[in-house]
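Okay, so the sequence shown: first residue is 3 according to my numbering, each after it adds one. The structure appears right after this line, and notes come after that.
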Amino acid sequence: MKPTELPPMPDKHTGEPRPPRAPLESDWKPDYGDRKNLSRVLQPPPGEGPVLEWRNASHGERIFYAAFMALAGAGIYTWKSSGFSWVGQWYLWLILIAITVLSYLLPKNDRMSAGADWFNHKGAFVKTYELASVKITRAFVHASLDLVDREGSKTSTNLPDIQQNRELWDLVYNGILHSVHNGAETNSQALEQLRLRSRIR
3 MKPTELPPMP DKHTGEPRPP RAPLESDWKP DYGDRKNLSR VLQPPPGEGP VLEWRNASHG
63 ERIFYAAFMA LAGAGIYTWK SSGFSWVGQW YLWLILIAIT VLSYLLPKND RMSAGADWFN
123 HKGAFVKTYE LASVKITRAF VHASLDLVDR EGSKTSTNLP DIQQNRELWD LVYNGILHSV
183 HNGAETNSQA LEQLRLRSRI R
């Protein structure tokens with residue numbers, strides 16, 4: 003693909019024209035998270051273009067994660083004690099409650115936003131059209147998208163998470179496309195999973 007054939011970078015301030023649709027994981031499901039609490043939307047550093055898309059962890063996601071951790075903790079207690087004798091130990095209940103509360107609160111900080119030429123995940127900001135490295139590694143069961151820009155700023159996010167808001171992913175992917183075309187380091191997993199080989203020639 004020649005540089006003139008690459009989809010153009012959107013205007014820094016208006017976000018137009020929006021990039022074409024980016025490829026998605028085969029099991030992709032849309033989930034735009036919490037769209038109501040605008041005060042929690044991650045903002046870019048001063049001098050950058052405005053937020054065009056964002057995603058914050060939803061209340062339901064946090065409840066699910068807390069419930070999962072509570073059940074996992076109870077399961078470990080039951081396995082360790084070979085039964086339910088732990089139920090009478092008050093301090094174990096305190097630990098379980100603390101784990102559950104923390105599991106509800108921690109995902110509250112799982113926020114991401116994107117502008118025409120930048121991506122911000124949990125406060126880690128990168129310039130998407132100035133990436134020096136685009137790689138995919140394995141993080142537990144999910145693929146992790148690892149980005150490093152020319153200034154050395156870096157961020158990582160689960161690939162399924164960043165794709166949940168499709169418009170946000172379109173913005174980030176277009177920057178990845180330009181960066182890889184301009185020589186950003188990558189790996190075979192990124193080339194295959196992001197389908198870059200068919201777009202970068």
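Where is the CB? At the ideal position from N, CA and C, for every residue including glycine. Fair warning: this is a prediction, and the values are worked out from it, not measured in the lab.
Whole angstroms are fine: how far does the CA of residue j sit from the CA of residue i?
i	j	result
Glu50	Glu27	30 Å
Gly154	Lys82	45 Å
Ile202	Val136	13 Å
Leu170	Met71	29 Å
Ser87	Lys124	41 Å
Ala134	Gly177	11 Å
Pro48	His15	13 Å
Arg168	Leu73	32 Å
Glu7	Phe121	23 Å
Leu104	Leu96	12 Å
Arg140	Leu193	14 Å
Ala116	Val53	6 Å
Ala186	Tyr131	10 Å
Val56	Gln166	A small fix is needed here, since residue 56 is Trp in this sequence, not Val. Computed Cα separation, rounded: 10 Å.
His144	Ile164	12 Å
Asp112	Asn58	6 Å
Is residue i helix, strand or coil when you go by DSSP?
i	result
Asn184	coil
Trp30	coil
Asp151	strand
Val128	strand
Asn189	coil
Ser158	strand
Ala24	coil
Leu94	helix
Leu40	helix
Leu173	helix
Ser87	helix
Leu179	helix
Leu133	strand
Thr80	helix
Leu196	coil
Gln45	coil
Ile202	coil
I'd like to confirm the pairing. Which residues does DSSP put opposite residue i in its beta bridges?
i	result
Ala116	Glu55, Phe121
Ala145	Arg140
Count the other C-beta atoms from every protein chain shown that fall within 10 angstroms of the C-beta of residue i, then say buried if there are 16 or more, exposed otherwise.
i	result
Ser181	buried
Asp172	buried
Asn39	exposed
Arg42	exposed
Ile99	exposed
Tyr93	exposed
Asp29	exposed
Closer than 8 Å, CB to CB, is residue i near chain C or not?
i	result
Leu96	This model lacks chain C altogether, as it is built from one protein chain only.
> Counting pairs of Cβ atoms below 8 Å between the region 156–176 and the region 77–95, do you hit three or more?
Replying inline: no
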